[in-house]
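Written out below as structure tokens is the structure these notes cover.
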Amino acid sequence: MKPLEHLMRENIRDLKPYQSARETHQAGGYVYLDANENPFGRSLNRYPDPLQQELKKRIALQKSTEPARIFLGNGSDEIIDLLIRAFVEPAEDNVIIPQPTYGMYEVAANIHGAEVRKVPLGKDFQPIPADILSQADAQSKLLFLCSPNNPSGNLLNEDTVRELARDFEGLVVLDEAYLEFARSAGFMSLLGNYPNLILLRTFSKASGLAGIRLGYAFADPKIIEILTSIKYPYNINRLTQRMALRRMNRFRQVRRIVRVIRRERQKVEAFLNRCSFVEQVHPSDANFLLVRVKDPRKLMDYLSNKGVIIRDRSNLTHCERAVRITIGKPGENRLLMKLCKQFDQKYNSHGT
Ligand SMILES: Cc1ncc(COP(=O)(O)O)c(C=O)c1O
Numbered sequence: 000m001k002p003l004e005h006l007m008r009e010n011i012r013d014l015k016p017y018q019s020a021r022e023t024h025q026a027g028g029y030v031y032l033d034a035n036e037n038p039f040g041r042s043l044n045r046y047p048d049p050l051q052q053e054l055k056k057r058i059a060l061q062k063s064t065e066p067a068r069i070f071l072g073n074g075s076d077e078i079i080d081l082l083i084r085a086f087v088e089p090a091e092d093n094v095i096i097p098q099p100t101y102g103m104y105e106v107a108a109n110i111h112g113a114e115v116r117k118v119p120l121g122k123d124f125q126p127i128p129a130d131i132l133s134q135a136d137a138q139s140k141l142l143f144l145c146s147p148n149n150p151s152g153n154l155l156n157e158d159t160v161r162e163l164a165r166d167f168e169g170l171v172v173l174d175e176a177y178l179e180f181a182r183s184a185g186f187m188s189l190l191g192n193y194p195n196l197i198l199l200r201t202f203s204k205a206s207g208l209a210g211i212r213l214g215y216a217f218a219d220p221k222i223i224e225i226l227t228s229i230k231y232p233y234n235i236n237r238l239t240q241r242m243a244l245r246r247m248n249r250f251r252q253v254r255r256i257v258r259v260i261r262r263e264r265q266k267v268e269a270f271l272n273r274c275s276f277v278e279q280v281h282p283s284d285a286n287f288l289l290v291r292v293k294d295p296r297k298l299m300d301y302l303s304n305k306g307v308i309i310r311d312r313s314n315l316t317h318c319e320r321a322v323r324i325t326i327g328k329p330g331e332n333r334l335l336m337k338l339c340k341q342f343d344q345k346y347n348s349h350g351t
């Protein structure tokens with residue numbers, strides 16, 4: 000890995016961050032006449048803690064790490080955006096994105112005028128280090144990996160991640176948005192060995208709080224400091240911080256729901272494997288299934304006419320004729336399976 004000072008954009012290295020009024024004296028019990036707030040109100044009249052100290056402490060405790068190694072974003076999407084802003088010089092630097100994967104990495108890079116180097120994953124949806132490293136040069140600042148990968152649902156092999164973290168000269172962003180649905184501890188334990196590794200997590204999936212917009216990153220404190228210096232001062236609002244703390248106190252309920260979704264995933268997978276319009280169901284460690292079918296358009300139209308929406312992924316690398324189906328509640332999955340059965344009977348009898 001190159002030194003962080005060389006990876007950072009020059010203007011960010013020289014940046015004097017905005018100092019918000021509320022970085023000190025958070026504890027309460029003061030007369031706050033420093034931030035031009037309206038004094039009338041119970042708590043939402045006040046700006047939220049810009050450093051989100053209580054929430055970071057709570058996450059640190061749960062994940063056995065330290066607050067200084069945590070960054071919170073307005074969804075992990077904000078963190079992806081900030082990483083590009085901090086490290087990728089527009090029109091000069093590039094990012095490497097294996098394909099297929101989550102689409103926002105590319106969109107965020109495009110927004111910032113960064114070159115995107117796409118490298119196909121192997122047919123098994125695992126990264127091929129030699130292919131990735133052969134695309135990298137001195138301007139390659141970020142490599143995006145996703146485990147379990149969206150849309151293929153597979154975890155990445157540990158040896159592959161280690162090799163890439165060791166040999167890629169820039170930062171490796173490893174997005175674990177769906178980790179809780181997998182039977183795996185993920186790659187948190189690698190953080191100490193690879194200072195260029197950044198893990199992304201989110202409250203949007205297993206925690207069931209996509210609506211509050213809260214994602215988080217684990218990384219070396221120096222990387223966290225850089226992200227903190229360029230974020231909007233109050234990027235995580237008070238309601239979000241409060242809701243996240245409340246959900247973390249209900250971790251047993253979250254675990255129970257994750258178990259239900261896993262069980263449902265098994266059921267839907269087994270069912271789809273029996274359908275004659277299905278060619279392949281990719282094994283998944285996430286809350287969705289990538290399914291190769293004979294005619295994705297026909298299936299999607301049939302389902303949407305009956306009120307069920309799934310996602311066409313057939314134009315992505317290695318995803319020919321594939322759709323992605325999110326695992327819903329048991330009743331929603333029963334409806335999906337009933338409709339798929341009808342679809343199967345309707346078209347199978349016509350030899351389609
Ligand atoms: C791999 C991956 N990362 C991140 C996100 C977005 O997370 P957030 O809601 O925290 O922005 C998604 C959403 O679908 C995703 O699939």
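0 is the number of the first residue of the sequence shown in numbering that gives the first Met the number 0; add one for each residue after it. We put the beta carbon where it would ideally sit given N, CA and C, even for glycine. Since the structure is predicted, the reported quantities are computational estimates derived from the model, not experimental observations.
Cβ neighbour criterion (16 or more within 10 Å) applied to residue i
{"i": "residue 216", "result": "buried"}
{"i": "residue 158", "result": "exposed"}
{"i": "residue 126", "result": "buried"}
{"i": "residue 225", "result": "buried"}
{"i": "residue 195", "result": "buried"}
{"i": "residue 16", "result": "exposed"}
{"i": "residue 28", "result": "exposed"}
{"i": "residue 182", "result": "exposed"}
{"i": "residue 300", "result": "exposed"}
{"i": "residue 24", "result": "exposed"}
{"i": "residue 71", "result": "buried"}
{"i": "residue 218", "result": "buried"}
{"i": "residue 250", "result": "exposed"}
{"i": "residue 5", "result": "exposed"}
{"i": "residue 74", "result": "buried"}
{"i": "residue 337", "result": "exposed"}
{"i": "residue 184", "result": "exposed"}
Beta carbon of residue i nearer than 8 Å to that of residue j
{"i": "residue 236", "j": "residue 47", "result": "yes"}
{"i": "residue 174", "j": "residue 101", "result": "yes"}
{"i": "residue 325", "j": "residue 287", "result": "yes"}
{"i": "residue 139", "j": "residue 169", "result": "yes"}
{"i": "residue 283", "j": "residue 258", "result": "no"}
{"i": "residue 85", "j": "residue 7", "result": "yes"}
{"i": "residue 118", "j": "residue 93", "result": "no"}
{"i": "residue 307", "j": "residue 334", "result": "yes"}
{"i": "residue 121", "j": "residue 89", "result": "no"}
{"i": "residue 190", "j": "residue 198", "result": "yes"}
{"i": "residue 221", "j": "residue 50", "result": "no"}
{"i": "residue 124", "j": "residue 153", "result": "yes"}
{"i": "residue 45", "j": "residue 223", "result": "no"}
{"i": "residue 289", "j": "residue 151", "result": "yes"}
{"i": "residue 130", "j": "residue 103", "result": "no"}
{"i": "residue 274", "j": "residue 318", "result": "no"}
{"i": "residue 166", "j": "residue 128", "result": "yes"}
{"i": "residue 186", "j": "residue 160", "result": "yes"}
{"i": "residue 292", "j": "residue 320", "result": "yes"}
{"i": "residue 309", "j": "residue 296", "result": "no"}
{"i": "residue 214", "j": "residue 227", "result": "no"}
{"i": "residue 285", "j": "residue 253", "result": "no"}
{"i": "residue 53", "j": "residue 59", "result": "no"}
{"i": "residue 172", "j": "residue 141", "result": "yes"}
In DSSP terms, what residue i is bridged to
{"i": "residue 279", "result": "291"}
{"i": "residue 159", "result": "None, per the DSSP bridge assignment."}
{"i": "residue 93", "result": "114, 139"}
{"i": "residue 217", "result": "69, 198"}
{"i": "residue 321", "result": "291"}
{"i": "residue 145", "result": "174"}
{"i": "residue 119", "result": "98"}
{"i": "residue 310", "result": "323"}
Length of the line joining the Cα atoms of residue i and residue j
{"i": "residue 302", "j": "residue 83", "result": "38 Å"}
{"i": "residue 260", "j": "residue 328", "result": "8 Å"}
{"i": "residue 266", "j": "residue 312", "result": "22 Å"}
{"i": "residue 244", "j": "residue 148", "result": "27 Å"}
{"i": "residue 350", "j": "residue 255", "result": "Because the pLDDT of residue 350 is 49, which lies under 50, any placement of that residue in the model is unreliable, and the question is left without a value."}
{"i": "residue 437", "j": "residue 12", "result": "Residue 437 lies beyond the range of the chain shown here (0 to 351); nothing can be said about it."}
{"i": "residue 163", "j": "residue 210", "result": "33 Å"}
{"i": "residue 1", "j": "residue 10", "result": "18 Å"}
{"i": "residue 33", "j": "residue 22", "result": "11 Å"}
{"i": "residue 35", "j": "residue 62", "result": "36 Å"}
{"i": "residue 241", "j": "residue 207", "result": "15 Å"}
{"i": "residue 41", "j": "residue 26", "result": "15 Å"}
{"i": "residue 345", "j": "residue 268", "result": "21 Å"}
{"i": "residue 178", "j": "residue 97", "result": "19 Å"}
{"i": "residue 246", "j": "residue 137", "result": "43 Å"}
{"i": "residue 176", "j": "residue 87", "result": "23 Å"}
{"i": "residue 330", "j": "residue 280", "result": "21 Å"}
{"i": "residue 99", "j": "residue 19", "result": "40 Å"}
beta-carbon residue i near ligand 3 non-hydrogen atom, thresh 7 Å
{"i": "residue 315", "result": "Summarising the ligand content, the structure contains ligand 1 and does not contain ligand 3."}
Exercise for review: Specify which residues have a beta carbon nearer than 6 Å to any heavy atom of ligand 1, listing them in chain order.
Suggested key: Chain-ordered, the residues whose CB falls short of 6 Å from any heavy atom of ligand 1 come out as 74, 75, 76, 101, 145, 149, 174, 176, 201, 203, 209, 214.
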